[in-house]
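Undergrad: Have a look at this one.
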Amino acid sequence: MTSIEFSEGLENETSTDDLEKTLVIVAADADKRNYEVIEKEDNLNDEKDEDIQPKSSKKLKICDFKDERCSNTSLRKAKPDESVAHHSRESYANIVATHYNSRLEKGLHERSKSRLFYLRNFHNWIKSMLINEYLVKIKDKKKNNSPIHVHDMCCGKGGDLLKWKKGSIHHLICSDIAPVSLDHCKSRYRDMQNRIGHERGSESIFSVEYIAADCTKIRLREKYQDPSMKLDLVSCQFAFHYSFESLKQAECMLHNAAECLSAGGYFIGTILDSNHLLVRARKKKSNRFGNGVYQVQMDFDINKPPLFGAKYHFYLDGVVDCPEFLIHFPTFVKLAKKYGLKLIEKSNFYDFYEKMKIEGKQLMVNMKALETYPPYQGASLVGDPKFDYEFAEEYIKNYTSGEGVYVGTLSKSEWEASSIYLTFAFEKVKNSWASDGTPIYEI
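The end of the sequence shown is residue 424 by my numbering, with every number in the run present.
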């Protein structure tokens, strides 16, 4: 069993000053054992990641630019025979925008009372480490500290603004389908500016521009303040699944991610692992599965999932999110090649955590990405004390002195929810040119 041990940064230490303070990661090891069981069952059924092939009614055809994969600012009028499908796509876009526009902004105190407090903080840690990893790669390639330009695609309310500040970037593009979310993002940015203005010796913050648009349908470059600007990094966190409603939308979003990326730049993100979801559904022999933290309801035949439009509903702590769509990862990689994006990393959250746990251990403490077990006097656990912390009890009993030992962990239910996600990273490759002026990428 692997673990991290460190003794700084624990919250609520006043009641335990005389006790040994050891913070270790143990829940991931319990989840890994469970994950290995799933993997073994996958192998028995020959259901490796690249082998779970969604069924499509027609052969995948990758469109070129003249097929209008991204529309101009105004959407073209649908043909009569497209009216139903067009209305459906517009309806989903409206649902997504309305959903995020209507979500209330909760303060830190309110968020700290949520059942998902530690899970969300852990996922935020994953994002922090992923973003930092590729900003470091970019800086290593740069000469003379030249400026870094970033596009935060589907930025929401600006939850990653502080990450961009700490990454010392020069300019940020924030795009999102929900104007109200962008208003929150603008407010956060102004607050950051004001705080920096009152700090002695602080450096100026990055500049930012905002784009309210559906990046699965609209060519974003036309809305940039400087359409000729080259980007070093495009980040899309927990949002790319919306594009897999249709081939055209997936292509448009990839086109937006890749079009202004410099050669050697990166497109990074986090998504649900469709392979893992299908394996769990088939193991359960049901279109609905999950636990007390999350539930997934699939609205298609799990044995014959479509290539695009494989709609599902994702519930966290009983709250339904708007409709989402499975991303068939081999198709994702194939489409990305069209736009010069070469896959360089794909890791489920457990493997990514394993890679980053030493480097990011103090950040986990600072971000409160883990729950303290056993709880301090007067505190309560977010999970079920009888079933969600057996692995923590086992670790304390078998690997420590026992007395006065505290471990940092997630509940078993939270680890199960977290294990269905993965990180990805693509690198933009150099291109040559065809005689007709179109780029050629050799990947």
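Glycine residues also receive a C-beta, built at the ideal position from the N, C-alpha and C atoms.
#1: With a 10 Å radius around its C-beta and 16 neighbouring C-beta atoms as the bar for buried, classify H179 as buried or exposed.
#2: So what does DSSP say about M279, is it helix, strand or coil?
#3: How would you call Y139, buried or exposed, if buried means at least 16 neighbouring beta carbons within 10 angstroms?
#4: For K47, count neighbouring C-beta atoms within 10 Å of its own C-beta (all shown protein chains included) and say buried if the count is 16 or more, exposed if not.
#5: Can we say the stretch 365 to 382 touches the stretch 244 to 258, given the rule of at least three CB pairs closer than 8 Å?
#6: Residues in the same chain with beta-carbon distance under 8 Å from P417, minus the five sequence neighbours each way, listed in chain order, please.
#7: By a C-beta neighbour count over all protein chains shown, 10 Å radius and 16 as the cutoff for buried, is F407 buried or exposed?
#8: Just list the residues that DSSP pairs S216 with in beta bridges.
#9: In angstroms with no decimal places, state the Cα-to-Cα distance between E(-6) and L288.
#10: Would you mind stating whether L391 and Y99 have Cβ atoms separated by less than 7 Å?
#11: Sort S209, K349, A159, K323 by Cα distance to H130 and report the nearest one.
#12: Roughly how far, in whole angstroms, is the beta-carbon of K409 from the beta-carbon of S243, given that I think they are within contact range, below 8 Å?
#13: Assign P420 to buried or exposed, taking buried as 16 or more other Cβ atoms, counted over all protein chains shown, within 10 Å of its Cβ.
#14: On the DSSP bridge list, what partners appear for N329?
#15: Alpha helix (DSSP H) containing R96: first to last residue?
#16: Contact between the stretch 268 to 279 and the stretch 185 to 198: three or more CB pairs below 8 Å?
#17: Rounding to the nearest angstrom, what Cα-Cα distance links Y334 and S188 in this structure?
TA: According to the data block:
#1: Exposed is the call here.
#2: The answer is strand: DSSP assigns M279 an E or B state.
#3: First, the residue type needs correcting, since residue 139 is Gly and not Tyr in the sequence shown. Buried, by the Cβ-count rule.
#4: Only weak support is given to the placement of K47: the predicted model assigns it a pLDDT of 42, under 50, and the question is left unresolved by the model.
#5: Verdict: no, contact absent.
#6: The sequence given here places Asp at residue 417; Pro does not occur at that position. Once the five neighbours on either side are set aside, D417 has no close Cβ partner at all.
#7: When all chains shown are included, F407 counts as buried.
#8: Answer by DSSP bridge pairing, in chain order: D133, I249.
#9: With a pLDDT of 32 at E(-6), under the threshold of 50, the modelled position of this residue cannot be trusted, and the question is left open.
#10: It is a contact, given that the beta carbons lie within the stated cut-off.
#11: Nearest C-alpha to H130: S209.
#12: Between S243 and K409 the Cβ distance is about 7 Å, and since that is below 8 Å, they are a contact.
#13: Burial is judged here by how many other beta carbons sit within 10 angstroms of a residue's own beta carbon; P420 has fewer than 16 and is exposed.
#14: DSSP, once it has assigned bridges, lists L403 as partnering N329.
#15: Here R96 belongs to no alpha helix (DSSP H), and DSSP marks it neither H nor E.
#16: In the pairwise beta carbon analysis, the stretch 268 to 279 is classified as not touching the stretch 185 to 198: fewer than three pairs are separated by under 8 Å.
#17: So the alpha carbons of these two residues sit roughly 31 Å apart.
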